[in-house]
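Comments concern the structure below.
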Amino acid sequence: MTSDHHHSAEPAPAERRVAALEELRTEPGILPPGFVDEVNRSYEQDVGPRNGAKVIARAWVDPEYQRRLLADSTAAIAELGFGGNEGEHMQVVENSDDVHNVVVCTLCSCYPWPVLGLPPAWYKDAPYRARVVREPRAVLAEMGCRLDDQVEVGVWNSSAEQHYLVLPQRPPRTEDA
Amino acid sequence: MITVYHGRGRRHLRRWTFSQPLVRTVTRVDGCFSLPDVEAHSTRRVLEGTYGVRFAARDLRDDSDENAVVHVDLWDSYLEPA
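Keeping their order, the protein sequence lines are chains A and B.
The numbering used here applies: residue 1 is where the first sequence begins, and numbers increase by one.
The numbering used here applies: residue 1001 is where the second sequence begins, and numbers increase by one.
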């Protein structure tokens, strides 16, 4: 082992920078103590695609909930305890035999955080944002979703305040026995 | 029915760039929100109605997929009654 290869308790440079920035915000009282830790904890434990999965699964097994979800998405999602930043104005769009939906933010990376978590890197990439509008079939096929030509692709662009969540069709043979 | 105007300019705009105004149908009315074209350049806040508008993908580019539609949320000042 070389002298510069050791595992010490010294924080990495990035960790030191983050700590310094946090101190600059907490010392003058701009942020309350523990704020950053709480945000980290929340995005690690409370926010993520598992929330959206619960919403979709509930819609699959409860037709009345599905009706409410499509009629007033924000309120129906809040019934399950999900909401907040980037989820204040939700629109759930439904896949069918005739229409397959896909979501993009062509301007930046708007994404429904409360139900899907933080956006993945590919969602923020300029090529995805441009191509999914121009050639959504090819982009979806590259992601493993091949659509028949007669299926219309609906591309939802989060260009204002609405954030979109797709309600996929319930997979076959998943009904209760 | 509304006419959607193209956006060309040096300032921050959320208008899409069309070669000419398009007449299309509003599919959803979403209420009033701060216009980002103003918000990006000042502390002023101008509330405007926003609307969901449905386009054929071919409206936006000639070489877009044929059987595809693009739903775009647009601000009131980008539109005019047709």
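Glycine included, each C-beta is placed from N, C-alpha and C at the ideal position.
Note that the structure is a prediction, hence the values are computed from the model and not measured.
Just to confirm before moving on: does the CB-CB distance between residue i and residue j stay below 8 Å?
| i | j | result |
| --- | --- | --- |
| Gly52/A | Leu118/A | no |
| Leu239/A | Val55/A | Any answer about residue 239/A is impossible in this case: the structure gives chain A only from 1 up to 177. |
| Asn95/A | Val153/A | no |
| Leu147/A | Val102/A | no |
| Val1070/B | Val133/A | yes |
| Leu31/A | Arg58/A | no |
| Phe1033/B | Ala12/A | no |
| Phe1055/B | Arg1024/B | yes |
| Val1073/B | Gln66/A | Note that residue 1073/B is Asp in the sequence shown here, rather than Val. No. |
| Tyr111/A | Glu86/A | yes |
| Val1053/B | Val1004/B | yes |
Report the rounded CA-to-CA distance for residue i versus residue j, giving the unit in angstroms.
| i | j | result |
| --- | --- | --- |
| Val61/A | Glu22/A | 45 Å |
| Val155/A | Asn1067/B | 11 Å |
| Asp1030/B | Tyr1051/B | 6 Å |
Can you confirm whether residue i, when its beta carbon is compared against all beta carbons of chain B, has any partner nearer than 8 Å?
| i | result |
| --- | --- |
| Gly154/A | yes |
In the DSSP assignment, the beta strand (DSSP E) including residue i goes from what residue to what residue?
| i | result |
| --- | --- |
| Ser1034/B | Val1026 to Ser1034 |
| Asn157/A | Glu152 to Asn157 |
| Pro1021/B | Here Pro1021/B belongs to no beta strand (DSSP E), and DSSP marks it neither H nor E. |
When DSSP labels each residue in this structure, what does residue i get in the three-state scheme?
| i | result |
| --- | --- |
| Pro120/A | coil |
| Ala141/A | helix |
| Asp1073/B | strand |
| Met1/A | For Met1/A, the pLDDT reaches just 44, beneath the cut-off of 50, and the residue's location in the model is therefore unreliable, although a value from the coordinates is still provided. Three-state result, Met1/A: coil. |
| Pro1081/B | strand |
| Glu88/A | coil |
| Thr74/A | helix |
Grab the span of the alpha helix (DSSP H) containing residue i for me, first residue to last.
| i | result |
| --- | --- |
| Thr26/A | Pro13 to Thr26 |
| Leu1060/B | Ala1057 to Leu1060 |
| Asn51/A | Pro49 to Val61 |
Cβ of residue i less than 8 Å from any chain A Cβ?
| i | result |
| --- | --- |
| His1071/B | yes |
| Ser1077/B | no |
| Ala1056/B | no |
| Thr1025/B | no |
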